[in-house]
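Report on the following structure.
2 protein chains.
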Amino acid sequence: MSPRIGLDLPTLLDAATEMADRQGLEAVTLASLASKLNIRSPSLYNHVNGLPELRRQLAFKGLELLLAKIDGEVANLSGDEKLMAFCRAYLSFSREHPGLYAAIQRAPEPDDEELKREMAVVVERAVETIGAYGLQGDAAIHAVRAVRSFLHGFASLESQGGFGIPLDLDETFRLMVETFIAGVKTIRKSNEGTI
Amino acid sequence: MSPRIGLDLPTLLDAATEMADRQGLEAVTLASLASKLNIRSPSLYNHVNGLPELRRQLAFKGLELLLAKIDGEVANLSGDEKLMAFCRAYLSFSREHPGLYAAIQRAPEPDDEELKREMAVVVERAVETIGAYGLQGDAAIHAVRAVRSFLHGFASLESQGGFGIPLDLDETFRLMVETFIAGVKTIRKSNEGTI
DNA sequence: TATAATAACTAATGGAATTAGTTTTGACAA
DNA sequence: TTGTCAAAACTAATTCCATTAGTTATTATA
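In order, the protein sequences belong to chains A and B. In this text, residue positions in the first sequence follow my numbering: the first is 1, and each later residue adds one. In this text, residue positions in the second sequence follow my numbering: the first is 1, and each later residue adds one.
The following block contains the structure:
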């Protein structure tokens with residue numbers, strides 16, 4: 001009851017992560033990964049069940065790191081500061097790990113409840129963060145969808161060089177979040193009498 | 001001086017578009033496309049120079065349709081209505097042509113100036129639309145980046161089923177755009193004295 | 001020291017993109 | 001009407017990748 005100890009899954013995923021972050025998720029093939037690890041590609045099947053499963057594992061790893069970053073930076077904050085910290089954590093992750101970020105954007109297989117659940121945890125953190133704005137029910141859902149939209153859109157466009165002009169991107173990001181916050185507050189006010 | 005008339009590029013692209021929109025851009029391979037057209041895959045090389053070039057052509061076709069839609073719906077409008085129409089046109093396109101929408105999201109090759117230029121035209125339309133808000137210089141650039149971010153993020157998340165809860169997505173979209181407009185106006189006001 | 005679980009291996013298959021070279025077709029000139 | 005020839009489509013072959021089957025090698029423990 002004791003196997004030969006060689007490569008293990010975390011090491012394999014670390015190598016795959018490095019490739020994905022440096023050269024893009026599409027550059028991670030079983031052939032290229034095996035070559036990097038100095039083994040033959042069929043040997044990878046001892047640790048991961050094919051390329052789709054490898055991508056799935058990268059998605060889990062990405063979600064784990066993203067959640068850790070969010071939880072780390074958001075702790076003990078509230079209100080506008082909390083939302084801004086949440087947004088910054090999200091953007092930092094996509095910058096540090098563009099390959100893993102791409103991995104968590106792939107739609108999970110329809111029957112992959114485990115991955116769906118993990119992705120839902122990120123949404124839950126957003127819901128908690130937005131809760132401080134006094135938004136409830138449908139209004140909170142709409143707001144969280146908006147936050148997810150501009151965060152993902154910005155991260156995605158930036159990551160593929162979609163913003164051509166050399167004007168400070170951090171400044172754009174800060175203004176975008178502030179504009180959203182200002183907009184939420186304005187609309188909330190204009191609806192105060194109607195509820 | 002007269003060739004045999006068989007398949008032509010527009011017909012080929014129409015078939016590829018249908019496959020991409022129905023089954024996803026990744027389902028469009030030279031093999032699957034050739035099969036749909038009842039020819040052998042090497043024959044496709046008479047019309048398009050390989051898979052990367054096919055994807056590039058799909059990107060051009062997508063940009064053409066997107067621009068036509070924007071120009072059609074935005075004409076003769078101004079102010080908030082114009083921006084809302086712009087946003088709706090963008091979203092409509094991504095819904096009608098999810099495959100082509102995916103094609104225009106792929107980063108162009110660094111030396112592909114022609115494709116870059118065509119993508120920049122969409123940004124120009126956004127700049128024109130946002131100009132009505134009295135934003136100039138850097139402020140306009142930041143605002144356009146924000147609009148692109150939430151539009152792309154929403155379209156992208158919606159397209160891959162990222163919004164789980166069955167709550168009206170059109171309503172979310174309308175609120176998101178309105179929140180942005182309200183935020184821009186608020187922030188513009190708060191800066192009036194400082195310029 | 002023998003064993004058994006398992007990592008890694010070789011060999012082989014199938015599918016995709018691509019290239020080279022051949023055949024077929026059909027609009028037009030003679 | 002017919003011959004020409006450029007282009008379209010074809011077959012054959014190569015390369016690269018993922019994957020499966022079956023073999024070999026290693027090492028912790030009994």
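From the three backbone atoms N, C-alpha and C, an ideal C-beta is built for every residue, glycine too. All figures in this text were calculated on a predicted structure; none of them were measured in a lab.
Endpoints, the alpha helix (DSSP H) within which residue i is located
i      : result
B/A260 : Nothing about residue 260 of chain B can be reported from this structure: the residues present for chain B run from 1 to 195 only.
B/I104 : 98-105
B/L25  : Here B/L25 belongs to no alpha helix (DSSP H), and DSSP marks it neither H nor E.
A/G137 : Unbroken run through A/G137: none, as it is neither H nor E.
B/D8   : First-last for B/D8: undefined, no H or E at that position.
B/Q57  : 51-74
Listed by chain order, chain A residues near residue i by CB distance under 9 Å
i      : result
B/E171 : D138, H142
B/L167 : D138, I141, H142, R145
Closer than 8 Å to chain B by CB, residue i
i      : result
A/S78  : no
A/Q160 : yes
A/T186 : yes
A/T179 : yes
A/A25  : Residue 25 of chain A is actually Leu in this sequence, not Ala. No, no contact with chain B.
A/L135 : no
A/L175 : yes
Chain A contact for residue i (CB, 8 Å cutoff)
i      : result
B/A107 : yes
B/G183 : yes
B/F86  : no
B/L58  : no
B/L13  : no
B/G131 : no
Closer than 8 Å at the beta carbon, the chain B residues around residue i
i      : result
A/M198 : Nothing in the structure corresponds to residue 198 of chain A, since chain A is present only between 1 and 195.
Chain B residues whose Cβ lies nearer than 9 Å to that of residue i
i      : result
A/R148 : G153, F154, L157, G162, F163
Burial state of residue i (16 or more Cβ within 10 Å)
i      : result
B/V28  : buried
A/V121 : exposed
A/A75  : exposed
A/R95  : exposed
A/I5   : exposed
B/K189 : exposed
A/G183 : buried
B/G137 : exposed
A/G99  : buried
B/A68  : exposed
A/S43  : exposed
A/A31  : exposed
A/G79  : exposed
B/Y101 : buried
B/P10  : exposed
B/R40  : exposed
B/Y90  : buried
A/S156 : buried
B/I70  : buried
B/Q23  : exposed
Neighbour list for residue i in chain B, Cβ cutoff strictly below 7 Å
i      : result
A/L100 : Under the 7 Å cutoff, chain B gives no residues; its nearest Cβ is about 17 Å from A/L100.
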